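Asks:
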Amino acid sequence: MEQESGFKACYLGKFYPIYTKVDETIKKINIEWDGSAFVCTSPVSGEIDIAWALQAFYTRASKKIIEERLRFYQPQVKVKYKSFSIENDSRRWGSCNSNKHLTFHWKLAMYPLHAIDYVVVHELCHLMHLNHDRSFWRLLGKIYPNYKEAMDILGTEKTRDM
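In UniProt numbering, the protein residues as written are 1 to 162.
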């Protein structure tokens, strides 16, 4: 039987309730998204720490969302990336290296899709321009004209702790 935990979690820019339930057949806490709420399943009843399970959910969700967005924007930027991963670097939302490997922060799944799109396009543009020169910003603006709005939503390193 599910019961509301009293907590909410953010997903794609909106907050949703977290429901809990006990399933003694599982080994570790798990969180799933059912389309309107989070369902946290635990092997034991009582007080549970859902922070780890929530981070695991966001990591899985970010990977899926970013993979879809990379597929969408890659042809528009006209570049190819080699691989990507979801990481926990609190200094940045994303990065790109000279081996064409892209990294993205797991917390991106908390933000609206247009903010995620900005980070994806930003990193794809770095495959053509490995710096933030004028050519980089022109390309970014051409592919994603509303990038300044997304930058405001994402904030700086100091505002990332949602």
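Just so you know, even glycine gets a beta-carbon here, dropped at the ideal spot from N, CA and C. It should be emphasised that the depicted structure is a prediction, and the values quoted were computed from it without experimental measurement.
May I have a chain-ordered list of the beta strand (DSSP E) segments no shorter than 3 residues that lie completely inside the stretch 100–135?
Replies: 101–105
Asks: In terms of DSSP beta bridges, what is residue 24 paired with?
Replies: Residue 24 is not bridged to any residue.
Asks: Secondary structure at residue 47, three-state DSSP: helix, strand or coil?
Replies: coil
Asks: Quick check on residue 9: does DSSP put it in helix, strand or coil?
Replies: strand
Asks: Using a Cβ cut-off of 9 Å (strictly closer), state whether residue 65 contacts chain B.
Replies: In the structure shown, chain B cannot be found, because there is only a single protein chain.
Asks: Can you tell me which of the three DSSP states residue 63 falls into?
Replies: Reduced to three states, the DSSP call for residue 63 is helix.
Asks: Looking only at C-alpha atoms, which of 13, 44 and 34 sits nearest to residue 23?
Replies: 44
Asks: Taking just the CA atoms, how far does residue 91 sit from residue 158?
Replies: Bear in mind that the predicted position of residue 158 carries a pLDDT of just 37, short of 50, making it unreliable; the figure below should be weighed with that in mind. The straight-line gap from Cα to Cα measures roughly 9 Å.
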